[in-house]
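What follows is a short report on a single structure.
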Amino acid sequence: MLNIQNRQEGTASIVTIQGKVNFEVTAQLRDVIRDTVTTQQPKLLVINLEGVNFIDSSGLGLLVAARNSIDKNNGKLHLCGLPPQVKKTFDQTNLTNYFSIFATEQDALRGA
Amino acid sequence: MGKGVVLVVDDEVQIRDILAFYLKRAGYQVLLAEHGLAALSEIAKVQPDLILSDLRMPEMPGDDLCLKLKGDPKTRDIYFILVSAIDGAASKIGGLNLGADDMIAKPFHAQEVMAKVESAFRLIAMQKEIKRQNLELTRYQERMTAELSLAAQLQMGLLPAVPGRAVGLCYTHRYLPAEGIGGDIYSIVPVPDGGTALLIADVSGHGVTAALISAMVKTSFEAQVRLGGTPLDWANGMNRDLAQTTLAEQFATAFLAHLDPKDGLFRYVVAGHERPILIPRGACTGSKLPIQLPGKGFMLGIDEALTFSEEQTTLAIGDRLILFTDGLVEVEREDRSLLGQEGLIRLCATLPANAEQAADQIIEQVCTFNAPQPFLDDVTLVVIDRCG
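Quick note, the sequences are listed as chains A and L, same order. Number 58 in numbering that gives the first Met the number 0 belongs to position 59 of the first sequence; there are no gaps in the numbering. Number 111 in numbering that gives the first Met the number 0 belongs to position 112 of the second sequence; there are no gaps in the numbering.
Spelled out as structure tokens, the structure:
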């Protein structure tokens with residue numbers, strides 16, 4: 000159901016997620032993010048949500064926890080490619096103002 | 000303690016003697032019977048772990064004995080080895096089809112029989128262990144189920160009794176937790192200033208953890224309300240409570256409000272929750288034009304430093320509010336479409352004036368829309384009518 004890919008570009012790590020992010024898959028996603036943060040210790044973690052068609056509250060919780068753990072390591076978390084349905088969820092929960100959100104992966108990597 | 004009990008069934012006394020000699024020497028307790036009927040009466044006295052039975056015997060042959068034992072739940076777990084003079088694959092398959100666990104061809108070497116017996120006892124020991132573990136698991140599961148159902152009852156007890164009435168409001172609810180116990184909660188309580196406070200909240204996740212946090216959310220809300228203040232104060236206080244006590248990924252979306260019954264002023268905070276639907280004159284007959292209340296804000300419990308904002312509107316007598324959690328509208332159908340909040344607003348345009356009927360109609364229509372699998376998440380629906 001959920002497809003997660005993970006690659007590095009310079010000092011940045013990029014996690015690309017495709018599918019439905021809900022309670023059933025958060026454990027899988029949590030492991031990938033935790034491994035990425037602990038083993039690669041990236042200065043910048045980009046999570047690309049382009050292929051995500053749905054995210055529920057546990058998925059949002061996971062992203063918030065990811066931001067907090069990266070903050071502790073003095074890194075940054077950038078989200079990018081939010082599809083309209085996901086954008087709506089972020090707007091409703093005001094998380095648009097909590098995360099640094101970019102239109103494309105290139106923008107997120109540049110931090111612009 | 001012996002290694003186990005073996006029943007040898009054979010009409011030839013020499014074979015019984017040879018097998019008994021080897022088995023006893025290897026440490027087994029040995030029972031003897033000269034045919035199937037005698038074996039049955041032995042088994043009635045002491046149940047063996049394993050039976051070595053000849054096929055052709057007077058009174059009751061080995062195949063009949065095997066069928067009888069394997070057909071009885073009390074004896075079907077006894078390991079059954081059929082010893083048969085008829086060699087060849089056909090006979091072996093026939094024996095195994097009867098339910099025998101293994102076959103030995105006659106004439107046999109005593110060592111071969113002993114090797115099969117030893118291997119059978121290893122299997123028997125494993126089976127016994129699996130059975131024991133199964134029993135333990137079943138008991139554990141029964142205990143957990145009983146505890147969960149008790150917890151579910153307790154959680155239901157945390158909800159307001161319906162149909163209910165508070166100053167300026169009448170309300171009812173439909174509460175459908177996904178796993179018997181869930182993370183949805185709502186509360187309607189009086190405020191020291193004479194008004195009424197209300198909350199609906201949805202804790203991230205499911206099951207026991209979410210249920211525990213939901214109880215905490217309710218307690219935190221009611222404690223805030225007792226302090227007086229506004230919904231904004233309550234949201235800030237609850238956010239602090241939750242941020243300090245829950246783990247990294249645990250949050251609650253919530254809608255908190257205060258109704259002043261004197262002038263119908265309705266002040267509220269949307270904390271990442273689905274905005275309620277307001278149906279002007281919804282509790283009256285006539286056509287309806289439902290709208291969704293404006294507002295947005297963070298979920299509770301993410302970060303103590305986050306701020307919230309308060310909105311306000313006026314509720315006239317006869318106006319209706321529909322409060323709900325996302326489980327009601329976010330069920331993906333096979334064609335990948337969702338009812339969504341827009342769909343729920345459409346359903347609200349045709350609700351009857353009676354609140355109970357309205358609640359039933361929403362659940363019914365949402366179930367029909369979501370069919371065949373109506374709900375996956377906890378679902379809470381609260382119908383609140385402004386009354387005098």
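Backbone N, C-alpha and C fix where the C-beta goes; we use that ideal spot for every residue, glycine too.
Give the interface partners of L/M298 over in chain A, defined as CB-CB distance under 9 Å, in chain order. Working through the second sequence from its first residue, we reach residue 298 of chain L at position 299. In chain order: S56, L59, G60, V63, T92, N93 and L94.
Taking just the CA atoms, how far does L/L197 sit from L/F265? Walking along the second sequence from the start, residue 265 of chain L turns up at place 266. Walking along the second sequence from the start, residue 197 of chain L turns up at place 198. The alpha-carbon atoms of L/F265 and L/L197 are separated by roughly 10 Å.
Could you work out which residue in A/Q91, A/K71, A/V31 and A/S12 is closest to A/N2 when comparing CA atoms only? The residue you call residue 2 of chain A lines up with position 3 of the first sequence. Comparing alpha carbon positions, the residue from A/Q91, A/K71, A/V31 and A/S12 closest to A/N2 is A/V31.
Can you name the residues of chain A whose CB is closer than 7 Å to the CB of L/A247? On the second sequence, residue 247 of chain L is found 248 positions in, with the first residue counted as 1. Neighbours of L/A247 on chain A, chain order: A64 and N67.
If you draw a straight line from the C-alpha of L/M102 to the C-alpha of L/L95, how long is it? By one-based count along the second sequence, residue 102 of chain L stands at place 103. By one-based count along the second sequence, residue 95 of chain L stands at place 96. So the alpha carbons of these two residues sit roughly 7 Å apart.
Span separating the alpha-carbon of L/M66 from that of L/E141: Position 67 of the second sequence, counting from 1, holds the residue named residue 66 of chain L. Position 142 of the second sequence, counting from 1, holds the residue named residue 141 of chain L. The sequence given here places Leu at residue 66 of chain L; Met does not occur at that position. When rounded, the distance between both Cα atoms is 34 Å.
Between the CA atoms of L/L337 and L/T349 - distance to the nearest angstrom: In the second sequence, the residue the question calls residue 349 of chain L occupies position 350. In the second sequence, the residue the question calls residue 337 of chain L occupies position 338. L/T349 and L/L337 have their C-alpha atoms roughly 20 Å apart.
Which residue from L/A32, L/A109, L/L31 and L/P351 puts its Cα closest to that of L/Y21? Position 22 of the second sequence holds residue 21 of chain L. It is L/A109 whose Cα lies nearest to the Cα of L/Y21.
Using DSSP bridges, identify the partner residues of L/M102. For the purposes of this step, residue 102 of chain L is identified with residue 103 of the second sequence, where counting begins at 1. L/M102 pairs with L/L81.
Under 9 Å between the Cβ atoms of A/N52 and L/R335? On the first sequence, residue 52 of chain A is found 53 positions in, with the first residue counted as 1. On the second sequence, residue 335 of chain L is found 336 positions in, with the first residue counted as 1. It is a contact, given that the beta carbons lie within the stated cut-off.
Relative to the alpha-carbon of L/V71, which residue among L/P60, L/Q46 and L/L54 has its alpha-carbon at the smallest distance? Stepping through the second sequence from its first residue, residue 71 of chain L is reached at position 72. Sequence check: residue 71 of chain L is Asp here, not Val. Considering only alpha carbons, the answer is L/Q46.
Identify the continuous alpha helix (DSSP H) that holds L/Y21 and give its terminal residues. Taking the second sequence and counting its residues from 1, the one referred to as residue 21 of chain L is at position 22. DSSP places L/Y21 inside the alpha helix (DSSP H), whose first and last residues are V12 to R24.
Where L/S203 sits in the DSSP three-state scheme: On the second sequence, position 204 is the one that residue 203 of chain L refers to. L/S203: coil per DSSP, three-state reduction.
What does L/K295 reach in chain A if we use C-beta pairs closer than 7 Å? For the purposes of this step, residue 295 of chain L is taken as residue 296 along the second sequence, with counting starting at 1. Chain A residues near L/K295: D90, Q91 and N93.
Contacts of A/F98 in chain L (Cβ-Cβ under 8 Å): If you number the first sequence from 1, residue 98 of chain A lands on position 99. By Cβ distance, chain L contributes nothing, its closest Cβ being about 11 Å from A/F98, past 8 Å.
Any chain L beta carbon closer than 9 Å to A/N52: Taking the first residue of the first sequence as 1, we reach residue 52 of chain A at position 53. Cβ-Cβ to chain L under 9 Å: yes for A/N52.
Between L/L305 and chain A, is there a C-beta pair that is closer than 9 Å? For this step, residue 305 of chain L is matched to residue 306 along the second sequence. Contacts with chain A at 9 Å (Cβ-Cβ) include L/L305.
Any idea which residues DSSP pairs L/H172 with across the strands? Here residue 172 of chain L refers to the residue found at position 173 of the second sequence. DSSP, once it has assigned bridges, lists L/V381 as partnering L/H172.
Can you name the start and end residues of the beta strand (DSSP E) that L/T312 belongs to? Reading the second sequence from its first residue, position 313 is the one you call residue 312 of chain L. It spans E309 to T313 - the beta strand (DSSP E) in which L/T312 sits, taken as one unbroken run.
Cutting at 8 Å between CB atoms, please list the residues of its own chain near L/P293, excluding the five before and the five after it. Residue numbering aside, residue 293 of chain L sits at position 294 when the second sequence is read from its first letter. Within its own chain, the residues whose Cβ lies closer than 8 Å to the Cβ of L/P293, once the five positions on either side in sequence are excluded, are R274 and E310, listed in chain order.
Beta-carbon of A/K19 versus every beta-carbon of chain L: anything under 9 Å? As a working note, residue 19 of chain A is residue 20 in the first sequence. Output row for A/K19: interface = yes.
Have a look at L/T229, L/K105, L/A37 and L/R75 and flag the residue whose alpha-carbon is nearest the alpha-carbon of L/L18. Taking the second sequence and counting its residues from 1, the one referred to as residue 18 of chain L is at position 19. With respect to the C-alpha of L/L18, the residue from L/T229, L/K105, L/A37 and L/R75 having the closest C-alpha is L/K105.
Buried or exposed: which applies to L/A200, given that a residue is buried once 16 or more other Cβ atoms fall within 10 Å of its Cβ? The count along the second sequence starts at 1 and reaches residue 200 of chain L at position 201. Sixteen is the threshold: when 16 or more other Cβ atoms of the shown chains lie within 10 Å of the Cβ of L/A200, as they do, the residue is buried.
Per DSSP, A/G110 forms a beta bridge with which residues? In the first sequence, residue 110 of chain A corresponds to position 111, counting from 1. Its beta-bridge partners do not exist; DSSP assigns none.
Residue span of the beta strand (DSSP E) that contains L/G339, given as start and end: Within the second sequence, numbered from 1, the residue matching residue 339 of chain L stands at position 340. First-last for L/G339: G339 to C347, but that is the alpha helix (DSSP H), not the beta strand (DSSP E).
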